[in-house]
Amino acid sequence: VPVLCSVACVLLLYLLVRRHLGRPVALVAAALLAFTPVAITASALVEAEWLLAVFLLAALLLIGRRGRLGVGALLALCLLAPLVKETGILVPASACLLLLFTHRWRLAVAVAAAGAAGAGLIVAWGAVVDWPVFLATMQAQLARHATPSSPFAFLMSLSSGYGNRVPFRDPVWYAGLLGLVAAGVVC
């Protein structure tokens, strides 16, 4: 499954970049993702992040589509993403922000509502199954990542790794971060 998700990520990235920057840039972006050592190594690990990456790229593609099918698929992804992992709430949050920047207000509200509904389903599941254990688990997870510098420490640590099993001792990791910053500046 993770290999299929990583292949889907390469294809979705190609389609997304082709739409905005053209075929040559899309081929380079897809090749960089496909042959980055970290991506190759991580694609063998069963982690929820691979599915979330597919959801995020698919959501970004669907934002550009019009019509009921595209909107329905976008809302379904935004509802399901938080159910994959709590950090999946970033899929509807990212889609919502992009929709707000493009002045698609009603769809942005619908996407935010779908993400909130997904998060609400997690809380409802916790209440039904075992509320004290659910709360204890959520508190433990929050305690691990509660300081404002936690994301920065993770990004700047060469000893951090994918699931703490595969270290990011690869300069491509930092090139990818610089690429994200450059893409944000260009867009």
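Counted the way the working numbering counts, the sequence shown spans residues -1 to 185.
No residue lacks a Cβ here, since even glycine has one placed at the ideal position from N, Cα and C.
Taking 8 Å as the upper bound for CB-CB distance, Ala6 and Val15 are not in contact here, some 15 Å apart.
Sequence-distant Cβ neighbours of Ala71 in its own chain, meaning closer than 7 Å and more than five residues away, are Leu60. Of the residues assessed, Pro130 falls on the exposed side of the cut-off, its CB having fewer than 16 other CB atoms within 10 angstroms. Cys94 sits close to Ala106, with the two beta carbons spaced by under 9 Å.
With respect to the 9 Å criterion, Leu31 and Ala40 are not classified as neighbours on the basis of their beta carbons. Here Val52 has Cys3, Ala6, Cys7, Leu10 as same chain residues with Cβ atoms under 7 Å from its own Cβ, once five neighbours each way along the sequence are excluded.
Inclusion of Ala108 and Val69 in the CB contact set at 9 Å is warranted, their separation being smaller than that value. Given a length threshold of 3 residues, the region 20 to 58 has no whole run of the beta strand (DSSP E) inside it.
Inclusion of Lys83 and Ala46 in the CB contact set at 9 Å is warranted, their separation being smaller than that value. Residue environment: Gly86 is assigned as buried (16 or more neighbouring CB atoms within 10 Å of its CB, all protein chains considered). Closest in alpha carbon position to Val(-1), among Ala42, Leu119, Ala57, Tyr12, is Ala42. The Cβ atoms of Ala57 and Leu75 sit closer than 9 Å to each other. Cα atoms of Ala29 and Val126: separation of roughly 45 Å, rounded to the nearest angstrom. Around the beta carbon of Val26, fewer than 16 other beta carbons sit within 10 angstroms, so the residue counts as exposed.
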